[in-house]
Amino acid sequence: MSDHEYLSYLEHKEELVNHLEDSAFPVVHIAFGINNAYARGMGITVFSVLKNNPDLAFHIHIFGSALDDKSKDRLLELAVNQPLAITCYVFKESAFTDLPLMGRYPQAIYYRLFTPYILSDVTSKLLYLDADTLCLGSYKELNEMDISACTLAAVNDTRRARNKLCSQLSLTKGNYFNSGFLYINIPQWIEKNTTERIIQALSRQGNEFKFPDQDALNIVLEHEVLLLPKKYNFVCDIILNKVGNKVDIPKDTILIHYTGKCKPWHLWGMGELADVYDHYYAQSPWQAVPHDVPVSYKEMKRYAQALWYKGRYLTSLCWMSKYMNKKIFRKSPL
Numbered sequence: 001m002s003d004h005e006y007l008s009y010l011e012h013k014e015e016l017v018n019h020l021e022d023s024a025f026p027v028v029h030i031a032f033g034i035n036n037a038y039a040r041g042m043g044i045t046v047f048s049v050l051k052n053n054p055d056l057a058f059h060i061h062i063f064g065s066a067l068d069d070k071s072k073d074r075l076l077e078l079a080v081n082q083p084l085a086i087t088c089y090v091f092k093e094s095a096f097t098d099l100p101l102m103g104r105y106p107q108a109i110y111y112r113l114f115t116p117y118i119l120s121d122v123t124s125k126l127l128y129l130d131a132d133t134l135c136l137g138s139y140k141e142l143n144e145m146d147i148s149a150c151t152l153a154a155v156n157d158t159r160r161a162r163n164k165l166c167s168q169l170s171l172t173k174g175n176y177f178n179s180g181f182l183y184i185n186i187p188q189w190i191e192k193n194t195t196e197r198i199i200q201a202l203s204r205q206g207n208e209f210k211f212p213d214q215d216a217l218n219i220v221l222e223h224e225v226l227l228l229p230k231k232y233n234f235v236c237d238i239i240l241n242k243v244g245n246k247v248d249i250p251k252d253t254i255l256i257h258y259t260g261k262c263k264p265w266h267l268w269g270m271g272e273l274a275d276v277y278d279h280y281y282a283q284s285p286w287q288a289v290p291h292d293v294p295v296s297y298k299e300m301k302r303y304a305q306a307l308w309y310k311g312r313y314l315t316s317l318c319w320m321s322k323y324m325n326k327k328i329f330r331k332s333p334l
C-alpha cells in the first residue's frame, strides 16, 4: 500500500506550533500514538526530552484521536522559547476496525504502524516513543547513529519477558524487543512492506498474542532489528518493585519506560521510580493537574502501603480502611 493510501486514514492534520525555522540545531522527529487520556503522560515525556536536549530541535508528531483544548494549551506552553514544532494527526474512527483489540490495550497501540508512511515525505528517521516514558539524557548520539542497514533499532525487553515470550513466539535468536522505543528507518520500513507484514501476522495470530503489536513486530522484524543498549529504553514496572525497595537506575540511562498498569502519575505508584518522574512533573505545564487517585481495592492497598512507608500513618490507615471496605463489599472483581 502506498503512503497516499495510508494518508486516507487521517481525518485531519493540525500544526499546533512551529518554531523550527529560526533554529540551527539538528531536528529530531518523535512520534507518539495516543488518545487524549494519555496527553498528560506524553506531555511530561516531551518536557523531559526538551530539558535534557538543549542542543537539538524537535518535531513532535502526535497520532491518534483529537486532543482537548486544555491539552493543546499545555503543549503550546512547552514551545515557548523552544526550537519545537508540534503537529497533530487525527485518525478516522473506522481506520483500525479490522485489527484485533486485546484486553486493556486501545487502538492507539496500532498508530505506530502507520507513522512511517505518513511521515515519509518529512523525515527518513523517526523515533517512536510510548507516552509512559521519561527522558533523562541526550539523544544527540542516537540522532547521529547510522541505522541504514536495519529496518529499526530497538532495545531488548527484560530478561523475564524474553524468557517467557521467545519460546511462545518461536523467536530463534533469544531476543524480544520492547516497542515503547522504536528508532525507525523509514525508507527500509516502506521498501520491505513492514506495515503490511505486521498486519498479516496480526490477522493470523493476533488472538494468541499477549502484547499484540509488540509480539507481531518481534516476529516480523526478528532479523531486521538493530539492538541498542538498554540505556535507551530502561524498562521498569512500578508494581513489580515492592514499596520501599531500592531501584538501581543506571547512571547512563537516557529513557525510563514505565510499563505495566501502574503509571508514575498514579498516586499509588509512590516510590523511587515515581519520584524521578515527579521531579519533571512538578516543573511542567501539568504541575497543577493532580495525580490519579486509587479506585480499585488493589490500588488502595498499594497506596496505603506506600503512605505507611513514607511515615504518613494516619492517611495510610484511612486508605487501608477504604481498601478493606472495598475488598469485602465490592460488587465487581476489582
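One point on numbering: in full-length UniProt numbering, the residue at position 266 of the sequence shown is 266, and numbering is uninterrupted. Beta carbons: idealized from backbone N, C-alpha and C, even for Gly. The model shown is predicted, which means the values in this text are computed figures rather than measured ones.
Inspect the beta-carbon positions of Y176 and K125 and report whether they are closer than 8 Å. no
Where does the unbroken alpha helix (DSSP H) through C166 begin, and where does it stop? R159 to Q168
From this set, H266, N207 and N53, which residue's C-alpha is nearest Q82's C-alpha? N53
Please state the DSSP three-state secondary structure of L136. coil
Of the choices K231, K251 and H257, whose alpha-carbon is the least far from that of I238? H257
Going by the CB atoms, is the gap between F63 and Y111 shorter than 8 Å? yes
Distance, Cα to Cα, L165 vs T194? 21 Å
Determine which residues share a DSSP beta bridge with V155 and list them. N178 and L228
3 or more residues per run - each beta strand (DSSP E) lying fully within the stretch 33-84: 57-64
Just the C-alpha distance for D252 and A153, rounded to the nearest angstrom, thanks. 18 Å
In terms of residue numbering, what span does the alpha helix (DSSP H) encompassing I219 cover? P212 to L221
Ignore the nearest five residues each way along the sequence and tell me which others in K231's own chain have a CB closer than 6 Å to its CB. D252, T253 and I254
Member of A161, V46, V28 and A24 whose CA lies at the smallest distance from the CA of Y277: V46
Return the CA-CA distance between Y38 and H59, expressed in angstroms with no decimal places. 19 Å
Paired residues, beta bridge with residue 420 - DSSP: With the chain represented from 1 up to 334, any question about residue 420 goes unanswered, as that position is not in the structure.
Report the option in A66, E21 and L228 whose CA atom is closest to the CA atom of V155. L228
Note down the Cα distance separating D69 from L75, rounded to an integer number of angstroms. 10 Å
Do you know whose CA, among D73, T97 and A66, lies nearest R89's CA? The sequence given here places Tyr at residue 89; Arg does not occur at that position. Comparing Cα positions, the closest option is A66.
Go through its chain and collect everything with a Cβ distance to Y323's Cβ below 7 Å, but skip five positions before and after it. Y297, M300, K301 and A304
Does the pairing of the stretch 197-205 with the stretch 117-132 give three or more beta-carbon distances under 8 Å? no
Please classify H29: is it buried, with 16 or more other beta-carbons within 10 angstroms of its beta-carbon, or exposed? buried
Limits of the alpha helix (DSSP H) - the one that N18 falls within: Careful: N18 lies outside any alpha helix (DSSP H), inside the beta strand (DSSP E) at L10 to N18.
Just verifying my parser: in three-state terms, what is the DSSP assignment at C262? coil
Classification of F329 by the beta-carbon crowding that lies within 10 angstroms, buried from 16 upward: exposed
What number of angstroms, rounded off, separates the C-alpha of K92 from the C-alpha of A274? 35 Å
Do you know whose CA, among G260, G43, P250 and Q287, lies nearest N241's CA? G260
Using the rule of at least 16 other Cβ atoms within 10 Å of the residue's Cβ for burial, across every protein chain shown, is Y139 buried or exposed? buried
Spatial neighbours of D132 within its chain, please: CB distance less than 6 Å, with the 5 preceding and 5 following residues excluded, ordered by chain position. G41, Y258 and K263
Going by C-alpha to C-alpha distance, which of V235, R197, C236 and N233 sits closest to N218? R197
Bridge partner(s) assigned by DSSP for L255: C135
Take F96 as the anchor and find which of P294, W286, Q214 and S8 has the nearest alpha-carbon. S8
Taking N178 as the reference, give the member of N35, T115 and V225 with the closest Cα. V225
DSSP three-state assignment for I199, whether helix, strand or coil: helix
Just to confirm, is the Cβ distance from V235 to D157 under 8 Å? yes
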